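Q: Residue numbers for the sequence shown follow my numbering, beginning at 3 and rising by one. All C-beta atoms, glycine included, are put in the ideal place defined by N, C-alpha and C. As the structure is a computational prediction, the values presented were derived from the model and not from experiment.
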Amino acid sequence: MVKLESLKKSNQFKKALKERKVHTDYFSIFAAKNFIRPKQKSNLLISFVMKKKIGKAVKRNKIRRKLKAIVQKLLKKRGAINKDYTYIVFGKSNAYAQKQDVLLPLMEKSFSKLKK
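Have a look at this one:
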C-alpha cells in the first residue's frame, strides 16, 4: 500500500512551488520532479496546506481529510498519480461544502494535466 509522506522543511516547499501548477475553484496543486527521496520507494511525497484565512481548525481539517481521502482513492487507480513527483495541495474554502464525488474527477483531471 502506498503511504503519503509529507514535506518537512521550508526549502522543500519553496522548490515544489516553483515548478508546475494547476488551479481549480476547490484546490491548487503544485508539482516538482522528486528532488528528495521518500523513506520508502512506494511512498508518495505530498503535503496538504490550508490557509488560516479559510476558517477555524475544524473546517481546515475537514477539507484536508477530504482531499487526502480523494488522493488515496486515486492512488488505487493505476497511473492516476505519478509517484516521481512531489506535490503540494492547497485546499480552498469552496471544497468544504462540496462532496467528494464532485471533487474526485476534478482532482484526477488536475493530476493528469501535471503529468504532461
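(1) Shortest alpha-carbon distance to Met52 belongs to which of Pro40, Asn96, Lys117, Lys35?
(2) Could you tell me the distance, in whole angstroms, from the CA atom of Leu69 to the CA atom of Ser30?
(3) Can you grab the Cα-Cα spacing for the pair Leu77 / Ile83, in whole Å?
(4) Indicate whether the contact test is met: 3 or more Cβ pairs, each with one atom in the region 93 to 107 and one in the region 43 to 61, closer than 8 angstroms.
(5) Counting along the chain, where does the alpha helix (DSSP H) carrying Ser114 start and finish?
(6) Quick one: Cα of Pro107 to Cα of Ile48, how far?
(7) In the DSSP output, which residue or residues are listed as bridge partners for Glu21?
(8) In angstroms, rounded to a whole number, what distance separates the CA positions of Leu46 and Tyr89?
(9) Does the distance from the CB of Phe32 to the CB of Lys23 come in under 8 angstroms?
A: Well, looking at it:
(1) If you number the sequence shown from 1, residue 52 lands on position 50. Comparing Cα positions, the closest option is Asn96.
(2) To locate residue 69, count along the sequence shown from 1; it is residue 67. To locate residue 30, count along the sequence shown from 1; it is residue 28. Leu69 and Ser30: Cα-Cα distance of roughly 11 angstroms.
(3) To locate residue 77, count along the sequence shown from 1; it is residue 75. To locate residue 83, count along the sequence shown from 1; it is residue 81. Each residue's Cα considered, the two are about 6 angstroms apart.
(4) yes
(5) Within the sequence shown, residue 114 is the residue found at index 112, counting from 1. Element bounds for Ser114: 102 to 117.
(6) What you label residue 107 is simply residue 105 of the sequence shown in a count that begins at 1. What you label residue 48 is simply residue 46 of the sequence shown in a count that begins at 1. Rounded to the nearest angstrom, the two C-alpha atoms are 19 angstroms apart.
(7) As a position in the sequence shown, residue 21 is number 19, starting the count at 1. Glu21 is not bridged to any residue.
(8) Looking up residue 46 in the sequence shown gives position 44. Looking up residue 89 in the sequence shown gives position 87. The alpha-carbon of Leu46 is positioned some 8 angstroms away from that of Tyr89.
(9) The count along the sequence shown starts at 1 and reaches residue 32 at position 30. The count along the sequence shown starts at 1 and reaches residue 23 at position 21. At a Cβ-Cβ threshold of 8 angstroms, Phe32 and Lys23 count as neighbours.
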